[in-house]
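Chains as they are written, first to last, in the working numbering: chain A, 26 to 481; chain B, 26 to 481.
Glycine residues also receive a C-beta, built at the ideal position from the N, C-alpha and C atoms.
Since the model is a prediction, treat every value here as computed from it, not as a measurement.
Here is the structure we will look at.
There are 2 protein chains.
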Amino acid sequence: MSSVVETRKTSPSQNAAPKPKKAEKEEVPADINIPDNYVAWTLKSQKPRPPITWDNLLQNLQWVSLAVLTITPSIAIYGFFTHKLRWETFLWSVIYYFITGLGITAGYHRLWAHRSYNASKPLQYFLAIAGTGAVEGSIKWWCRGHRAHHRYTDTDLDPYNAHMGFWYSHIGWMILKPRYKPGVADVSDLSKNSVIRWQHRCYIWLIIGIGFLLPTAVAGLGWGDWKGGFFFAGAARLCFVHHSTFCVNSLAHWLGEAPFDDKHTPRDHFVTALVTVGEGYHNFHHQFPMDYRNAIRWYQYDPTKWFIWVCSSLGLASHLKIFPDNEVKKGQLTMQLKKLRETQEGLVWAPPVEDMPVISWESFQEQASKRPLIVVAGFIHDVSDFLDEHPGGRHLLVKYIGRDATTAFFGGVYDHSNAAHNLLSMKRVGILHGGTQHGLQDKSIPPAQRLRIARY
Amino acid sequence: MSSVVETRKTSPSQNAAPKPKKAEKEEVPADINIPDNYVAWTLKSQKPRPPITWDNLLQNLQWVSLAVLTITPSIAIYGFFTHKLRWETFLWSVIYYFITGLGITAGYHRLWAHRSYNASKPLQYFLAIAGTGAVEGSIKWWCRGHRAHHRYTDTDLDPYNAHMGFWYSHIGWMILKPRYKPGVADVSDLSKNSVIRWQHRCYIWLIIGIGFLLPTAVAGLGWGDWKGGFFFAGAARLCFVHHSTFCVNSLAHWLGEAPFDDKHTPRDHFVTALVTVGEGYHNFHHQFPMDYRNAIRWYQYDPTKWFIWVCSSLGLASHLKIFPDNEVKKGQLTMQLKKLRETQEGLVWAPPVEDMPVISWESFQEQASKRPLIVVAGFIHDVSDFLDEHPGGRHLLVKYIGRDATTAFFGGVYDHSNAAHNLLSMKRVGILHGGTQHGLQDKSIPPAQRLRIARY
Ligand code: HEM
Ligand code: HEM
Ligand SMILES: [Fe+2]
Ligand SMILES: [Fe+2]
Ligand SMILES: [Fe+2]
Ligand SMILES: [Fe+2]
Numbered sequence: 026m027s028s029v030v031e032t033r034k035t036s037p038s039q040n041a042a043p044k045p046k047k048a049e050k051e052e053v054p055a056d057i058n059i060p061d062n063y064v065a066w067t068l069k070s071q072k073p074r075p076p077i078t079w080d081n082l083l084q085n086l087q088w089v090s091l092a093v094l095t096i097t098p099s100i101a102i103y104g105f106f107t108h109k110l111r112w113e114t115f116l117w118s119v120i121y122y123f124i125t126g127l128g129i130t131a132g133y134h135r136l137w138a139h140r141s142y143n144a145s146k147p148l149q150y151f152l153a154i155a156g157t158g159a160v161e162g163s164i165k166w167w168c169r170g171h172r173a174h175h176r177y178t179d180t181d182l183d184p185y186n187a188h189m190g191f192w193y194s195h196i197g198w199m200i201l202k203p204r205y206k207p208g209v210a211d212v213s214d215l216s217k218n219s220v221i222r223w224q225h226r227c228y229i230w231l232i233i234g235i236g237f238l239l240p241t242a243v244a245g246l247g248w249g250d251w252k253g254g255f256f257f258a259g260a261a262r263l264c265f266v267h268h269s270t271f272c273v274n275s276l277a278h279w280l281g282e283a284p285f286d287d288k289h290t291p292r293d294h295f296v297t298a299l300v301t302v303g304e305g306y307h308n309f310h311h312q313f314p315m316d317y318r319n320a321i322r323w324y325q326y327d328p329t330k331w332f333i334w335v336c337s338s339l340g341l342a343s344h345l346k347i348f349p350d351n352e353v354k355k356g357q358l359t360m361q362l363k364k365l366r367e368t369q370e371g372l373v374w375a376p377p378v379e380d381m382p383v384i385s386w387e388s389f390q391e392q393a394s395k396r397p398l399i400v401v402a403g404f405i406h407d408v409s410d411f412l413d414e415h416p417g418g419r420h421l422l423v424k425y426i427g428r429d430a431t432t433a434f435f436g437g438v439y440d441h442s443n444a445a446h447n448l449l450s451m452k453r454v455g456i457l458h459g460g461t462q463h464g465l466q467d468k469s470i471p472p473a474q475r476l477r478i479a480r481y
Numbered sequence: 026m027s028s029v030v031e032t033r034k035t036s037p038s039q040n041a042a043p044k045p046k047k048a049e050k051e052e053v054p055a056d057i058n059i060p061d062n063y064v065a066w067t068l069k070s071q072k073p074r075p076p077i078t079w080d081n082l083l084q085n086l087q088w089v090s091l092a093v094l095t096i097t098p099s100i101a102i103y104g105f106f107t108h109k110l111r112w113e114t115f116l117w118s119v120i121y122y123f124i125t126g127l128g129i130t131a132g133y134h135r136l137w138a139h140r141s142y143n144a145s146k147p148l149q150y151f152l153a154i155a156g157t158g159a160v161e162g163s164i165k166w167w168c169r170g171h172r173a174h175h176r177y178t179d180t181d182l183d184p185y186n187a188h189m190g191f192w193y194s195h196i197g198w199m200i201l202k203p204r205y206k207p208g209v210a211d212v213s214d215l216s217k218n219s220v221i222r223w224q225h226r227c228y229i230w231l232i233i234g235i236g237f238l239l240p241t242a243v244a245g246l247g248w249g250d251w252k253g254g255f256f257f258a259g260a261a262r263l264c265f266v267h268h269s270t271f272c273v274n275s276l277a278h279w280l281g282e283a284p285f286d287d288k289h290t291p292r293d294h295f296v297t298a299l300v301t302v303g304e305g306y307h308n309f310h311h312q313f314p315m316d317y318r319n320a321i322r323w324y325q326y327d328p329t330k331w332f333i334w335v336c337s338s339l340g341l342a343s344h345l346k347i348f349p350d351n352e353v354k355k356g357q358l359t360m361q362l363k364k365l366r367e368t369q370e371g372l373v374w375a376p377p378v379e380d381m382p383v384i385s386w387e388s389f390q391e392q393a394s395k396r397p398l399i400v401v402a403g404f405i406h407d408v409s410d411f412l413d414e415h416p417g418g419r420h421l422l423v424k425y426i427g428r429d430a431t432t433a434f435f436g437g438v439y440d441h442s443n444a445a446h447n448l449l450s451m452k453r454v455g456i457l458h459g460g461t462q463h464g465l466q467d468k469s470i471p472p473a474q475r476l477r478i479a480r481y
């Protein structure tokens, strides 16, 4: 028995709850008695399985997954070399790719794992059957893992922890025995669902029927291409659906932007959406997992959302959940401010007022005879390096050396741009004692420093 | 004598300075004795010419400009209907459009009006000659107006004041006698330049030679198309160059974005750049007029900038001026913050802490028996509308009614997203007396409120 299971025995949540009977147990949320410090405690005290080495590799392989994930593409490749791909079969394979893909994305994922909408019984049966055709395990098993993935994203309790690397989160987690047990996740709601129970019961037969017999039979009975149906609509199509789904765990945690939050690895990218039937706006999805959408803009590619929306228009789905727009916008705003704050921190600003000497009018006069000093809005500026650069000409600056140019600068002679005012502030060398006029307080702040990103 | 001139007589700047002799006058900056309140004073006290009506229209037309601006397109149109356009002539017309266009943009505008770089004598002669071919007045006259345009943008002292409407700033200001005299602008630097003086002297002959004879002769001697040269490389090309330049005063103050500052009308737009040989990034240009660039990104269309750059590579130009990048970025940052601040102000935020009642633990207990209240990070939250919406399930919320869920919420059970924390803050109804734990102060600010755009 592995150390993982031993650890679990002494986990506080297991000790706290009296053991219920099997049927009853399924109906009670798995995390009903979860202690307050479950995550930190488990991460700290759970001993991982020993690392995988070349020596223990064979004992650490999950043979069933390995078989499915290697035999399917082998059959497909064999097919490509030995059988001509007919266009009808090609078309049917693509269609069947989308049907079984939607079974996973609209069914397994958005409906059952995230309860992001309600589906009528007919739609549920359709999605359960289509999803079975993707051969990715039963709904219950799949959702158990996926909920743990969301609940413990990027930690050792996340079964497809993206920090383990691209290939591990793509496929390694299925082929290798995991080092850690996935964290507790409740699927008691699914155990109560008759469609899910039916699928779980008949799973093996459904796989064979929907995964292989059906696509083969359609091509065979439809246009006599039995072999093509098996090779392409069966095996090749399945291989594509597999890696399409796997990309949600690998590519979607790796490629793209984080417009809603960057605490964790999930990212938004159009390419990911393209290869995953619309699941590529994964940064949004991890922030707002109970939203039936992944893409919130009409021009983004999210056919799963479109499918759900059409179903709801037809009365087959209802209660499509949307996270309040106000809160979605907050996330975007925060991320944009974060970027702009970096810009803000990276720029050079006017010297801080606190650090500047306060200089009397007499002293200013005296020093202005040695270097070109000009007063504007209570500040003394040294314009040495600017005399010959001034777009308004040297003569206008020279004229104001040792004088107050506030009125002239702020529109009397020329209504300087905000950029000029910003530049002016960079030349501050002192504060004129008693030099701040009433009503000009706002002029003492350069325009670029009026709006500032502050941290609380 | 018009009222404008009368007003000017009593203007303080004119009275202050003793009248210099003509030649001497040209060498002294026109604004050397400009008073501190020149702009406000002039705008207030200058009486405009009476409004133009149908009755006084004829007296208010500027006949020379009107003639040039109507006869040129008439000749071009006549040519299109009576003479076949040969491809050599077409190509030559396009090339000549760019040559004369660059004369204006790289010469008149960026070199002489804005001194944004230094040009060697040969380049100056080339630009002066090419610019003459655009038939837009002498360098001195043109720069006088353009400097006033920059100095008094969007006011009555701006000769092409965009607030007078699109057509006025495009062409009206030339055809109609202006209601106001343009504000003072200094061009004494140009009066000292021998190339400019030469052009001014020979202007009429140069127009005829470069504007019409040269383009006609090239086509005539080159491929025997004298008439085509006159109609197309002469008149039609000139008409295009005219309206191309005029677009800088109209379209560029009307179409597009203001990424650097929105105090005035100038705007950035690719389309404007396309039709003006690169002068379309006009928002940038009005902020940083002495920058030899209009477009700062390599992928933006600014052939005038490319031309100047090539000239400097060839040693024909030098001292290409660039406004400090630090200051350019400040402008962009301010504009972005301005937009985001609108978003920030448009969102609904957590109720302000100052307005919330402080509630004792006992009172919290009592009230929690009537409605679902949960404490997190020292705040009491009412989760009535969220019990059935909670993605983690109703049971976890119910468990914490009347209790402190801080540890559970912040990772003990589930490390909630920033979005969840933001949403939580919206449900605040009170502050728990003495409920703020040490070390949790940062948790009392929802993530979206940690970075805020503040106004100073
Ligand atoms: C040391 C302080 C000054 C700085 C940093 C400064 C900066 C600038 C800058 C950057 C411009 C370019 C246009 C713009 O961005 O608005 C400009 C133009 C101008 N400045 Fe100043 N300026 C200063 C002082 C003055 C003073 C004291 C006067 C007048 C008495 C003045 C008169 C002008 C005029 C008339 C122009 C317009 C030039 C044109 O567009 O032809 N400046 N100044
Ligand atoms: C009233 C305060 C609460 C609010 C507003 C809230 C909000 C949310 C939200 C928005 C999510 C979706 C995922 C995310 O955005 O992070 C979520 C998930 C979750 N919440 Fe809460 N929550 C609250 C209280 C609690 C408490 C007290 C617990 C635990 C004792 C809890 C446990 C969970 C769990 C386990 C999930 C993960 C569900 C999954 O991904 O399968 N929540 N919560
Ligand atoms: Fe994920
Ligand atoms: Fe998900
Ligand atoms: Fe302009
Ligand atoms: Fe300009």
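At least one C-beta of chain A is nearer than 7 Å to the C-beta of residue 432/B.
Under the 8 Å Cβ criterion, the stretch 448-456 of chain B counts as touching the stretch 400-408 of chain B, having at least three qualifying pairs.
Contact note: residue 390/A does not reach chain B at a C-beta cutoff of 7 Å; the least C-beta distance is about 19 Å. When Cβ-Cβ separations below 7 Å define contact, residue 312/B makes contact with chain A. When DSSP states are grouped into helix, strand and coil, residue 201/A belongs to the strand group. For residue 75/B, the shortest separation between its Cβ and any heavy atom of ligand 6 does not lie below 6 Å. Residues 431, 465, 468, 469 of the same chain have their beta carbon placed closer than 7 Å to that of residue 402/B, with the five preceding and five following residues left out of the count. When Cβ-Cβ separations below 7 Å define contact, residue 361/B makes contact with chain A. DSSP assignment within the stretch 141-229 of chain B yields no whole beta strand (DSSP E) run of 3 residues or more. In this structure, residue 183/B lies away from residue 195/B, with their beta-carbon atoms at least 7 Å apart. Identification of chain A residues near residue 315/B by a Cβ-Cβ cut-off of 7 Å yields 416, ordered along the chain. Contact between residue 304/A and residue 353/A does not hold, since the beta-carbon distance rounds to 18 Å and is not under 8 Å. At the C-beta level, residue 164/B and residue 137/B come within 7 Å of one another. Membership of residue 479/B in the beta strand (DSSP E) is indicated by the continuous run 476-480. Not one heavy atom of ligand 5 lies closer than 6 Å to the C-beta of residue 314/A.
The CB of residue 277/B never comes closer than 9 Å to any CB in chain A; the least such distance is about 16 Å. Residues of chain A whose Cβ lies closer than 8 Å to the Cβ of residue 365/B are, in chain order, 358, 361, 362, 365. If you ignore the 5 residues before and after residue 365/A, its C-beta comes within less than 8 Å of the C-beta of 478, all in its own chain and listed in chain order. The beta-carbon of residue 395/B is placed no less than 7 Å from the nearest beta-carbon of chain A.
If you check the CB distance, residue 179/B and residue 205/B do not come in under 7 Å. Closest by C-alpha distance to residue 244/A, out of 476/A, 120/A, 434/A, 193/A, is 120/A. Using a Cβ-Cβ cut-off of 7 Å, residue 420/B counts as an interface residue toward chain A, since at least one Cβ of chain A sits closer than that to its own. Taking 6 Å as the cut-off, the C-beta of residue 291/A counts as close to a heavy atom of ligand 3. Taken through DSSP and simplified to helix, strand or coil, residue 90/A comes out as helix. In this structure, residue 128/B keeps its C-beta atom at 7 Å or more from the C-beta atom of residue 104/B.
The stretch 57-69 of chain A and the stretch 223-240 of chain A do not touch, with fewer than 3 CB-CB distances between them shorter than 8 Å. When the alpha-carbon of residue 124/A is set against those of 392/A, 281/A, 329/A, the nearest one is in 329/A. In chain order, 427 place their CB closer than 7 Å to the CB of residue 390/A, counting only its own chain and leaving out the 5 sequence neighbours on each side. Using beta-carbon distances, residue 368/A counts as an interface residue toward chain B, with a partner under 7 Å. Looking at the DSSP output, residue 407/B sits in a beta bridge with 398/B. Against chain A, the CB of residue 437/B has a partner CB under 7 Å away; the residue lies at that interface.
According to the DSSP assignment, residue 470/A belongs to no alpha helix (DSSP H), since it is labelled neither H nor E. In this structure, residue 317/A has its beta carbon at no less than 6 Å from each heavy atom of ligand 2. Listed by position along chain B, the residues whose Cβ is nearer than 7 Å to that of residue 470/A are 481. Taking 9 Å as the Cβ-Cβ cut-off, the stretch 372-383 of chain B approaches chain A at 372, 373, 374, given in chain order. Judged by DSSP secondary structure, residue 126/A falls outside any beta strand (DSSP E) and instead within the alpha helix (DSSP H) spanning 112-127.
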